[in-house]
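Under our numbering, the first residue of the sequence shown carries the number 6, and numbering increases by one thereafter.
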Amino acid sequence: VLMREIQAAGYTGGISQLKAFVRPFKVVRPDPVVRFETAPGLQMQADFTTIRRGRDRLLAFVATLGYSRAAFVRFTDSEQFADWRDGLVGAFEYFGGVPRQVLFDNTKTVIIKRDAYGPELHRWHAGMLELAHEYGFQLRVCKPYRARTKGKVERFNGYLKRSFLVPLNATLRAAGLKLDVQTANREVLRWLNEVANTRVHATTGVQPCVRLPEEQAQLGALPIRETQDAPAISHASVIPFESFQHPLSVYDALLGSAA
């Protein structure tokens, strides 16, 4: 249409010149994001997010159940297979069961080569494959360059930093302390039980702890192990807690033993 109009006005150039001219004026529309909801017990999304870089690294393993949006966090200083294993096992024990599938990004600690043996027949990390067999879950990975597929856990990563890490870091700095793995892991369990998993979720409109029992009923049983380190979450055991985002005196009382 545009070509016809400008030719009528005296334009004598070609279509290629016209396309090159109008290209900067075209509005780029991002691909629409389709929200993907899962049935109770079907899927858990797992990810690592970087909290602090450099020699004194701090990372967080984050897992979110797809239906209830209940979350689990474990801080580490590395992202080796052992950290993935400990994070996954901790999440299963915290939630009280195993989902049918776990969705990951395309990290080498999970997947060695996509489609190695044919379409969707991937070569998995041997340790991860063994863990999946032991706990009875299916390994799933996002399509390349489609990390939004695991948007539930990605969105929680931002919430974790705003709601937990920012106020906790402020408290520690005021006391002349620096956040380390041990302190982060000690405090995050309380935050999960009393803040993150009791808030009204923006997408579902329901507290994760309210939806969790329905999801737990569909989770697979945990294999028998000698110890279980992470306390399981249940709606009955959660104590309401306003928020970590309060005056520093609240955090000073919380961390008094660390000062």
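Ideal placement from N, C-alpha and C gives every residue a C-beta, glycine not left out.
#### Entry: Cross-strand partners of G15 (DSSP beta bridge)
Taking the first residue of the sequence shown as 1, we reach residue 15 at position 10. In the DSSP output, where bridge partners are listed per residue, G15 has none listed.
#### Entry: M49 and A96 closer than 9 Å at C-beta
The residue you call residue 49 lines up with position 44 of the sequence shown. The residue you call residue 96 lines up with position 91 of the sequence shown. Yes. Within cutoff.
### Task
Along the alpha helix (DSSP H) that carries A179, what are the first and last residues, could you check?
Within the sequence shown, the letter at position 174 stands for residue 179. Unbroken alpha helix (DSSP H) run through A179: 171-179.
### Message
DSSP three-state label for A207, please.
### Response
As a position in the sequence shown, residue 207 is number 202, starting the count at 1. DSSP places A207 in coil when its eight states are reduced to three.
### Query
Three-state secondary structure (DSSP) at F52?
Your numbering for residue 52 matches position 47 in the sequence shown. Phe is not the amino acid found at residue 52; the sequence shown has Asp there. DSSP places D52 in the strand class (E or B) of the three-state scheme.
#### Entry: Under the three-state DSSP convention, the category F142 falls into
Within the sequence shown, residue 142 is the residue found at index 137, counting from 1. Note: F142 maps to coil in three-state DSSP.
### Message
According to DSSP, G225 sits in a beta bridge with which residue or residues?
### Response
As a working mapping, residue 225 is identified with position 220 in the sequence shown. Note: G225 sits in a beta bridge opposite V103.
### Message
In this structure, how does DSSP classify K266 when only helix, strand and coil are distinguished?
### Response
With the chain running from 6 to 264 in the structure shown, residue 266 is simply not present.
### Query
Taking all protein chains shown into account, do 16 or more other C-beta atoms lie within 10 angstroms of the C-beta of A226, making it buried, or fewer, making it exposed?
Stepping through the sequence shown from its first residue, residue 226 is reached at position 221. With fewer than 16 other Cβ atoms within 10 Å, it is exposed.
### Query
G102 to A137, Cα distance in whole Å?
In the sequence shown, counting from the first residue as 1, residue 102 sits at position 97. In the sequence shown, counting from the first residue as 1, residue 137 sits at position 132. Computed Cα separation, rounded: 13 Å.
### Query
Exposed or buried, what is D82 when buried is set at 16 or more other beta-carbons lying within 10 Å of its beta-carbon?
Here residue 82 is taken as the residue at index 77 of the sequence shown, counted from 1. It counts as exposed.
### Message
For A189, report the span of its alpha helix (DSSP H) as first-last.
### Response
Numbered from 1 along the sequence shown, position 184 holds the residue referred to as residue 189. That run of the alpha helix (DSSP H) goes 186-196.
### Task
For H75, name the three-state secondary structure that DSSP assigns.
As a working mapping, residue 75 is identified with position 70 in the sequence shown. For the record, residue 75 in the displayed sequence is Ala; it is not His. Note: A75 maps to coil in three-state DSSP.
#### Entry: Alpha-carbon spacing of T208 relative to G71, whole angstroms
Against the sequence shown, residue 208 aligns to sequence position 203. Against the sequence shown, residue 71 aligns to sequence position 66. Their Cα atoms are separated by approximately 12 Å.
### Message
Just to confirm before moving on: does the CB-CB distance between T188 and L170 stay below 9 Å?
### Response
Translated into the one-based positions of the sequence shown, residue 188 becomes position 183. Translated into the one-based positions of the sequence shown, residue 170 becomes position 165. Contact: no.
### Query
So, helix, strand or coil for P35, using DSSP?
Locating residue 35 in the sequence shown gives position 30, counting from the first residue. Interpretation of P35 is limited by its pLDDT of 48, a score under 50 that renders its predicted location unreliable; the figure taken from the coordinates is listed afterwards. Coil at P35, not helix or strand.
### Task
Would you check if the distance between the CB atom of I56 and the CB atom of A68 is smaller than 9 Å?
Within the sequence shown, the letter at position 51 stands for residue 56. Within the sequence shown, the letter at position 63 stands for residue 68. No, the pair does not count as a contact, with Cβ atoms beyond the cut-off.
### Query
From R167, V115, F100, L126, pick the residue whose C-alpha is nearest to that of N198; which is it?
Residue 198 sits at position 193 when you count from the first residue of the sequence shown. Checking every option, the nearest Cα to that of N198 belongs to F100.
### Message
Using 9 Å as the threshold, is the C-beta distance between L144 and P104 below it?
### Response
In the sequence shown, the residue the question calls residue 144 occupies position 139. In the sequence shown, the residue the question calls residue 104 occupies position 99. No. Outside cutoff.
### Query
F77: which of D185, C214, I229 sits nearest, CA to CA?
In the sequence shown, the residue the question calls residue 77 occupies position 72. Comparing Cα positions, the closest option is C214.
### Query
G210: which of R74, Q106, T112, Y140 sits nearest, CA to CA?
Taking the sequence shown and counting its residues from 1, one reaches residue 210 at position 205. Looking at the Cα atoms, R74 is the closest of the given residues.
### Message
Applying the 10 Å Cβ sphere with the 16-neighbour rule, what's the burial state of P2?
### Response
No answer is possible for residue 2: the residues shown for the chain start at 6 and end at 264.
### Query
Using DSSP with H/G/I as helix, E/B as strand and the rest coil, what is A44?
In the sequence shown, residue 44 corresponds to position 39, counting from 1. Three-state DSSP puts A44 in coil, outside helix and strand.
### Query
Taking 8 Å as the cut-off, is the CB of G46 close to at least one heavy atom of the ligand COA?
Absence of the ligand COA from the depicted structure is noted, as is the absence of any ligand whatsoever, leaving it without description.
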